[in-house]
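Q: Before anything else, here's the structure in question.
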Amino acid sequence: MTLLTVQNLTVRRGECPVVDNASFAISPGECVGLIGPNGAGKTSLLRGALGLLPFEGTSTLAALPTRKRAAQAAWLPQNREIAWPMNVERIVALGRLPYLARGARLGPTDQSAVDAALTRMGLQTYRARLATALSGGEQARVLIARTLAQDTPLLMADEPIAGLDPAAQIATLQVFEALAQEGRAVLTSLHDLSLAGRYCTRLILMGAGRIIADGSPRDVLTPDLLAQVFRLQAEVLDTPHGPIIQPLGVLT
Amino acid sequence: MKLFGALMVLTGGMFLASLFVGYAAISVPEGLAALIGRGNPLYVTIMQDIRLPRALLAAMVGVSLGLSGAAMQGYLRNPLAEPGLIGVSGSAALGAVIALQTGLAAAFLLALPIAALAFAALAVGLILLLAGPRGSSLTLILAGIAVSAFAAALTSLTLNLSPNPYAASEIMFWLMGSVANRAMSHVWLALPIMALGWILLAGLGRGLDALTLGEDAAEALGISLSRLRLQLLLGTAAAVGAATAVAGAVGFVGLVVPHILRRFAHGRPSTLLWASALGGAAMVLAADLTTRLILPDRDLKLGVVMALIGAPLFLHLIYKTRREIA
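Chains as they are written, first to last, in my numbering: chain A, 284 to 535; chain B, 124 to 449.
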């Protein structure tokens, strides 16, 4: 059983394909890191797979009716928007919207999902704070908690740890790792290659709209592939904690 | 819930005050008897044909403007948005002005509001055509601005070509907005259309809540943005079009009321919807009362008083926002 199957997905911006014929499947228990340089098509791939962009090919998520899709996959967009001065708990509770009937209040299941999400992101003491008055990194954690409260089999996140402090970055990826171990799945784009190598069970490497490599971190994070896709001269240190990438220079 | 109770009491109080404050001194028991058709026939006429439609229309117009203002701000995620933005009120006003200019308004009592409604409907069709069935919030606003600019130009043109100064001043006075000298037939004409708009707008709550997180996140939360946009457009058009048709252009309500109440609604757009509906009713009733209490013989216009109250309130809000940002 897979949670998401994408076949021959192509997303075009005008005539030019920004995602070119991508195929992959995500199974329960996987924490998949989507890596690639800026403009490689990571965001377009994620949005296309969700059906938020027009695309060619097939995606099992995009084929679902919107409410069913919202119960199947949570989505954390790259730009972090909190439009109104609502408190943290109310923002996180927005993740329960797909399960609430029109005008219904949060039930006990909803409240426990919200509480669990706040606890997982270490936000219990922030509950009553105005989300708009928090720092950028704290807002990012609130929005991750919102997707966790949606309590879906699949979590898709676009650069969730950008702008977080190192401890918060690791804590967030540990939450993703734990979700995968519970039998859910995570698909997240990342820029920190060492963290990606350490916490993801599998990496998908994109370059110029195509999937260049798809496999275990050790198979994907090789000096050759890094040079080819990222134009990066890097040393890959194989450690007991997973591969550590030390970028050394830019190839011209 | 406390907010709901407070707003209900405020609106109810304003409504009663609107019924019992006026040029003719009628005591409360006499007035209540007259409302159900008992007692002095003169009082019966005043209560049933003058004050009741006036109070009802003020409340209905307030609900329409408050509700659509809150919906518009929620949809655009912008506290400066207001219902006039989509051009429906400007187009309804143009319809009314043409009815006044051509003399159609004098033909029968409801000619003017019906002409205004027809133009409001026309504007909605035009905006739908311009903005397309699936576009973003930006195309909706651009289409709205285009339509309202065109409507404003045609309104000015009509005034410009007006054959005599009396017609021109009649138009000017109508444009200032008022709920005075309206009959129950105005209420019956506007109520079904407004009610349809209220139902459409009240159903936007969960979509607007989700939009707090941006369009992408809202769509992934199971909200159909194109449906939401259509519902917002039709709801605002029905509510505001009907309000403009019976009361003329009354500004500031849709802008200021959601702004004032946002804090009490804990920022939640769905709570703000009904809170602004009640708050809008209270505000328009209060403004209409003010026109009767100060300068009762000069026929002060509702839209003028509303702007006089609204502008300083808005300045105060700007001042407060500035302090919060600093």
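Even for Gly, the Cβ is constructed at its ideal location relative to N, Cα and C.
Which first and last residues belong to the beta strand (DSSP E) in which A:M489 is found?
A: Here the beta strand (DSSP E) through A:M489 covers 485-490.
Q: Contact criterion: CB-CB distance below 8 Å. Does A:P523 meet it with respect to chain B?
A: Closer than 8 Å: no.
Q: Within 8 Å (strictly less), CB to CB, does B:G390 reach chain A?
A: It does; some Cβ of chain A falls within 8 Å.
Q: Write down the C-beta distance between A:N370 and B:H389 rounded to the nearest angstrom, noting that I regard them as a contact closer than 8 Å.
A: Between B:H389 and A:N370 the Cβ distance is about 7 Å, and since that is below 8 Å, they are a contact.
Q: Does the region 479-496 of chain A come within contact of the region 452-462 of chain A, defined as at least 3 CB pairs closer than 8 Å?
A: Segments in contact, yes.
Q: Whose C-beta lies closer than 8 Å to the C-beta of B:S259 among residues of the same chain, with five residues either side of it excluded?
A: Only E338 meet the Cβ criterion.
Q: Measure the Cβ-Cβ separation of A:T293 and A:V302 and say whether it is below 8 Å.
A: Yes. Within cutoff.
Q: Given that B:D422 touches chain A, what residues does it touch there, using C-beta distances under 8 Å?
A: What B:D422 touches in chain A: nothing, since even the nearest Cβ is about 40 Å away.
Q: Using C-beta distances below 7 Å, list every residue in its chain close to A:P360, excluding the 5 sequence neighbours before and after it, in chain order.
A: Excluding residues within five positions, the ones whose Cβ falls inside 7 Å are D441.
Q: If distances are taken between C-alpha atoms only, which option among A:K351, A:A323, A:K325, A:E298 comes closest to B:G345?
A: Of the candidates A:K351, A:A323, A:K325, A:E298, the one whose C-alpha sits nearest the C-alpha of B:G345 is A:K351.
Q: Would you mind reading off the limits of the alpha helix (DSSP H) that contains B:I268?
A: Start and end: 260-283.
Q: For B:T335, return the contacting residues in chain A, with the cut-off set at a CB-CB distance below 7 Å.
A: Here the neighbours are I365, A366, W367, M369, L377.
Q: Along chain A, in chain order, which residues have C-beta atoms closer than 8 Å to that of B:G255?
A: Within 8 Å Cβ-Cβ: nothing; B:G255 doesn't reach chain A, min ~14 Å.
Q: Closest Cβ-Cβ distance between B:R445 and chain D: below 8 Å?
A: You won't find chain D in this structure, because its protein chains are A and B.
Q: Looking at the structure shown, is B:E342 part of a helix, part of a strand, or coil, going by DSSP?
A: Three-state DSSP puts B:E342 in a helix.
Q: Taking 8 Å as the threshold (C-beta atoms), are B:L188 and B:P206 in contact?
A: Cβ atoms of B:P206 and B:L188: closer than 8 Å.
Q: Can you pull the chain B neighbours of A:A451, defined as C-beta to C-beta under 7 Å?
A: Near A:A451 there are no residues of chain B at all, since even the closest Cβ is about 20 Å away, more than 7 Å.
Q: Following the continuous alpha helix (DSSP H) through B:T367, name the residue where it begins and the one where it ends.
A: Its alpha helix (DSSP H) spans residues 348-370.
Q: Of the residues B:G267, B:A398, B:G433, which one's Cα is nearest the Cα of B:L130?
A: Residue B:A398 is the option with its Cα nearest to B:L130.
Q: Does the beta-carbon of A:S327 have 16 or more other beta-carbons within 10 angstroms, so that it is buried, or is it exposed?
A: Per the 10 Å Cβ criterion, buried.
Q: When you compare only the Cα positions, how much space is there between B:L282 and B:A291?
A: In a straight line, the C-alpha of B:L282 is about 6 Å away from that of B:A291.
Q: Go ahead and label B:L203 buried or exposed: buried means 16 or more other beta carbons lie within 10 angstroms of its beta carbon, across all protein chains shown.
A: That one is exposed.
Q: Going along the chain, which residues of the region 334-354 of chain B sit with their C-beta nearer than 8 Å to a C-beta in chain A?
A: Listed in sequence order: L334, T335, L336, G337, D339, A340, E342, A343, L344, G345, I346, S347.
Q: Which chain B residues are close to A:P381, counting only those with a beta carbon under 7 Å from its beta carbon?
A: Here the neighbours are L344, G345.
Q: On the CB-based measure, 16 or more other CB atoms within 10 Å of its CB, does B:K125 come out buried or exposed?
A: Its Cβ having fewer than 16 others within 10 Å, B:K125 is exposed.
Q: Determine whether the Cβ of A:A353 lies closer than 8 Å to any Cβ atom of chain B.
A: By this cut-off, A:A353 is an interface position.
Q: Give the interface partners of A:T343 over in chain B, defined as CB-CB distance under 9 Å, in chain order.
A: Those do not exist, as A:T343 stays about 15 Å from chain B at its closest Cβ, beyond 9 Å.
Q: Go through its chain and collect everything with a Cβ distance to B:L436's Cβ below 6 Å, but skip five positions before and after it.
A: Once the five neighbours on either side are set aside, the close Cβ partners of B:L436 are V379.
Q: Considering only C-alpha positions, which residue in the set B:S191, B:V369, B:L265 is nearest to B:L314?
A: Nearest option by C-alpha distance: B:V369.
Q: Could you please give the first and the last residue of the uninterrupted beta strand (DSSP E) stretch that includes A:I495?
A: Here the beta strand (DSSP E) through A:I495 covers 493-498.
Q: How far does the beta strand (DSSP E) with A:V465 in it reach, from first residue to last?
A: The sequence given here places Glu at residue 465 of chain A; Val does not occur at that position. No beta strand (DSSP E) contains A:E465, which DSSP labels as neither H nor E.
Q: Per DSSP, A:E518 is paired with what?
A: For A:E518, which the question treats as bridged, DSSP gives the partners A:Q529.
Q: Please report the distance separating the alpha-carbon of B:L119 from that of B:V270.
A: In the structure as shown, chain B begins at 124 and stops at 449. Residue 119 of chain B is therefore absent and cannot be evaluated.
Q: Using a Cβ-Cβ cut-off of less than 7 Å, list which residues of the region 180-203 of chain B approach chain A; keep chain order.
A: Answer set for the region 180-203 of chain B: R200.
Q: For A:L509 and A:L286, which I take to be in contact (beta-carbon distance under 8 Å), what is that distance rounded to the nearest angstrom?
A: Not really, about 29 Å apart at Cβ, beyond 8 Å.
Q: So, are the CB atoms of B:W297 and B:A219 less than 8 Å apart?
A: Going by C-beta atoms, B:W297 is nearer than 8 Å to B:A219.
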